[in-house]
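Here's the structure, in structure tokens; my notes come after.
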Ligand code: TZP
Ligand code: MG
């Protein structure tokens with residue numbers, strides 16, 4: 001059976017591997033967040049669930065970039081390669097298709113203990129039991145999202161300036177997505193490119209994790225990490241690769257160094 005261009009992996013094989021990944025995490029004494037069956041983050045020890053998320057390699061599963069390809073399999077392969085958190089972005093999907101895909105992806109990711117965040121849509125988070133939402137500056141205001149989702153869900157927000165980042169922290173965001181760090185053709189934006197210097201500058205002023213985004217790949221990921229990002233968020237560096245597993249593993253090596 002051919003999955004994502006790799007003929008030696010069956011779907012059953014993949015599911016087995018994802019299950020084993022989660023078993024390994026459960027054995028870790030200070031394990032990464034696991035999710036209960038209703039999708040709420042389980043609190044491990046005394047720390048809040050979002051503090052336990054490993055932000056190092058954040059994959060944005062973007063349906064516009066996938067252009068019709070079902071994203072569940074490449075996302076699962078990328079998780080086996082080392083992706084630690086996934087955001088589903090489906091701007092071109094209607095509500096019903098978005099929820100169907102989010103539910104399948106959440107189910108698959110839960111096997112490996114990897115949190116799923118939903119772009120824009122608080123209602124989809126609630127309906128599929130995902131770990132949280134990622135908001136843009138023009139989406140639902142953060143306090144409203146928090147009121148609807150409660151303290152146990154993760155809320156992240158896209159920012160481009162120090163003012164936006166500081167405001168996100170003040171309003172109780174769990175992380176900021178800071179970018180674009182480099183030029184990218186994946187998302188049309190008029191926002192200024194920040195470079196690693198921009199990350200450094202904002203990192204000095206806020207305490208919540210900074211996930212850097214925009215044009216990040218294996219060649220520049222370590223500069224981004226060194227600038228102070230808790231993690232790197234990518235679309236094309238993984239979903240545009242022939243082998244999502246290998247591309248994720250390559251990035252993972254860079255962000256851990
Ligand atoms: N937000 C800011 S840049 C961007 C998003 C969703 C796209 C990142 O895509 P890539 O392919 O990793 O540059
Ligand atoms: Mg948005």
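Numbering (this note's numbering), first residue to last: 1 to 257.
Every residue gets a Cβ at the ideal spot worked out from N, C-alpha and C, and that includes glycine.
inquiry  = Can you tell me whether residue 195 is helix, strand or coil according to DSSP?
reply    = Helix, per DSSP.
Relative to the C-alpha of residue 185, which candidate in 146, 240, 161 has its C-alpha closest? Of 146, 240, 161, the smallest CA-CA separation from residue 185 is found for 240.
**Message:** For a minimum of 4 consecutive residues, which ranges assigned as the alpha helix (DSSP H) are wholly contained in the segment 84-140?
**Reply:** 95-111, 122-128, all fully within the segment 84-140.
- Name the residue from 153, 194, 143, 73 whose alpha carbon lies nearest to the alpha carbon of residue 118. Ranked by how close their Cα comes to the Cα of residue 118, the residues 153, 194, 143, 73 have 153 in first place.
(message) Are there any heavy atoms of ligand 1 lying less than 6 Å away from the beta-carbon of residue 187, as far as the coordinates show?
(response) Yes, the Cβ of residue 187 comes within 6 Å of a heavy atom of ligand 1.
Which one of 97, 58, 148, 125 has the shortest CA to CA distance from residue 229? Here the closest residue by C-alpha is 58.
Quiz item: Are there three or more Cβ pairs, one per stretch, closer than 8 Å when the segment 137-147 is compared with the segment 108-117?
Solution: No contact exists between the segment 137-147 and the segment 108-117.
* To do: May I ask you to check if the CB of residue 123 is nearer than 6 Å to at least one heavy atom of ligand 2?
  => Checking every heavy atom of ligand 2 against the Cβ of residue 123, none is found closer than 6 Å.
*For residue 156, verify whether its CB is less than 6 Å away from any heavy atom of ligand 2.*
False, no ligand heavy atom lies under 6 Å from that Cβ.
Residue 242 bridges to which residues according to DSSP? BP columns for residue 242 are empty, so no partner.
Verify whether the separation of the beta carbon atoms of residue 124 and residue 79 is less than 7 Å.
Contact flag unset, no.
When the distance is taken between beta carbons, is residue 22 closer than 7 Å to residue 112? The answer is yes: Cβ separation under 7 Å.
Subject >> Beta carbon shell of ligand 2 at less than 5 Å from a heavy atom >> reply: The filter returns 120, 136, 139, in chain order.
**Study point:** Between the CA atoms of residue 16 and residue 162 - distance to the nearest angstrom
**Key:** Cα to Cα, the separation comes out at about 44 Å.
Self-check item: Outcome for residue 244 when other beta-carbon atoms lying within 10 angstroms are tallied against a minimum of 16
Solution: That one is buried.
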